[in-house]
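Counting in the working numbering, the sequence shown runs from 5 upward without gaps.
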Amino acid sequence: MNTTQRLTVRSESGALHIVAIWQGLAQYTDRIQAVSAHVDAKRGVECLAIDVVDVCESQLCGVAAALNQSPLPMTATVEPN
5 MNTTQRLTVR SESGALHIVA IWQGLAQYTD RIQAVSAHVD AKRGVECLAI DVVDVCESQL
65 CGVAAALNQS PLPMTATVEP N
(Lines of atoms letter the chains of each structure in order from A and count residues from 1; the text may use other names and numbers.)
(Lines give C-alpha, C1' and ligand atoms only; values in the text may rest on other atoms or scores of the structure.)
Protein backbone atom coordinates (compact mmCIF):
# COMPACT_ATOMS: atom_id res chain seq x y z
CA MET A 1 0.00 0.00 0.00
CA ASN A 2 2.57 2.62 1.14
CA THR A 3 0.29 5.64 0.93
CA THR A 4 1.19 8.58 3.09
CA GLN A 5 -1.26 11.18 4.32
CA ARG A 6 -0.69 14.23 6.45
CA LEU A 7 -2.84 15.18 9.41
CA THR A 8 -2.29 18.88 10.06
CA VAL A 9 -3.59 20.51 13.22
CA ARG A 10 -3.49 24.31 13.60
CA SER A 11 -4.35 26.63 16.46
CA GLU A 12 -3.58 29.99 17.94
CA SER A 13 -0.26 30.10 19.79
CA GLY A 14 -0.50 28.29 23.09
CA ALA A 15 -3.74 26.49 22.20
CA LEU A 16 -2.42 23.38 20.43
CA HIS A 17 -3.54 20.44 22.59
CA ILE A 18 -0.92 17.78 21.91
CA VAL A 19 -2.43 15.21 24.30
CA ALA A 20 -5.80 15.30 22.52
CA ILE A 21 -4.08 14.88 19.16
CA TRP A 22 -2.06 11.86 20.32
CA GLN A 23 -5.13 10.31 21.94
CA GLY A 24 -6.90 10.50 18.59
CA LEU A 25 -3.94 8.83 16.89
CA ALA A 26 -3.27 6.18 19.58
CA GLN A 27 -4.30 3.23 17.42
CA TYR A 28 -2.06 4.41 14.57
CA THR A 29 1.19 5.11 16.44
CA ASP A 30 3.05 2.34 14.60
CA ARG A 31 2.12 4.00 11.31
CA ILE A 32 3.39 7.50 12.11
CA GLN A 33 6.29 8.25 9.82
CA ALA A 34 7.19 11.84 10.70
CA VAL A 35 6.08 14.71 12.91
CA SER A 36 6.94 18.37 12.56
CA ALA A 37 5.90 21.39 14.58
CA HIS A 38 5.90 24.96 13.35
CA VAL A 39 5.30 28.23 15.18
CA ASP A 40 4.63 31.52 13.43
CA ALA A 41 5.11 34.06 16.20
CA LYS A 42 4.28 37.01 13.94
CA ARG A 43 0.86 35.60 13.04
CA GLY A 44 0.34 33.98 16.44
CA VAL A 45 -0.32 30.47 15.14
CA GLU A 46 1.19 27.05 15.62
CA CYS A 47 0.88 23.86 13.61
CA LEU A 48 1.60 20.17 14.07
CA ALA A 49 1.98 18.07 10.90
CA ILE A 50 1.88 14.28 11.28
CA ASP A 51 2.67 11.98 8.34
CA VAL A 52 0.81 8.67 8.61
CA VAL A 53 1.48 5.65 6.37
CA ASP A 54 -1.02 3.00 5.25
CA VAL A 55 -4.08 4.20 7.15
CA CYS A 56 -7.40 4.36 5.32
CA GLU A 57 -8.24 7.97 4.43
CA SER A 58 -11.67 7.68 6.03
CA GLN A 59 -10.11 6.60 9.34
CA LEU A 60 -7.69 9.53 9.40
CA CYS A 61 -10.50 11.88 8.38
CA GLY A 62 -12.41 10.50 11.37
CA VAL A 63 -9.56 11.57 13.65
CA ALA A 64 -9.60 15.04 12.07
CA ALA A 65 -13.38 15.27 12.43
CA ALA A 66 -13.21 14.32 16.11
CA LEU A 67 -10.59 17.02 16.74
CA ASN A 68 -12.66 19.58 14.82
CA GLN A 69 -15.79 18.69 16.81
CA SER A 70 -14.05 18.89 20.17
CA PRO A 71 -14.41 22.07 22.23
CA LEU A 72 -10.66 22.65 21.83
CA PRO A 73 -9.74 25.62 19.60
CA MET A 74 -7.98 23.61 16.88
CA THR A 75 -8.53 22.97 13.18
CA ALA A 76 -7.52 19.60 11.72
CA THR A 77 -7.22 18.65 8.05
CA VAL A 78 -6.07 15.57 6.12
CA GLU A 79 -4.27 15.75 2.80
CA PRO A 80 -2.17 13.41 0.66
CA ASN A 81 1.53 13.78 1.22
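Backbone N, C-alpha and C fix where the C-beta goes; we use that ideal spot for every residue, glycine too. Everything numeric in this text was worked out from a predicted model, so none of it was measured.
To the nearest angstrom, report how far apart residue i and residue j are at their CA atoms.
i: P75; j: V23; result: 14 Å
i: T7; j: V67; result: 17 Å
i: S15; j: N85; result: 21 Å
i: P77; j: L20; result: 8 Å
i: R10; j: T81; result: 8 Å
Look up residue i in the DSSP assignment and say whether it is helix, strand or coil.
i: V23; result: helix
i: L52; result: strand
Taking the CB atoms as reference points, tell me whether residue i and residue j lie closer together than 8 Å.
i: C51; j: V13; result: yes
i: S17; j: V39; result: no
i: I25; j: L71; result: yes
At which residues does the beta strand (DSSP E) containing residue i begin and terminate?
i: V43; result: I36 to D44
i: R47; result: No beta strand (DSSP E) holds R47; DSSP gives it neither H nor E.
i: S15; result: T8 to E16
Mind checking which residues open and close the alpha helix (DSSP H) that includes residue i?
i: Q73; result: E61 to Q73
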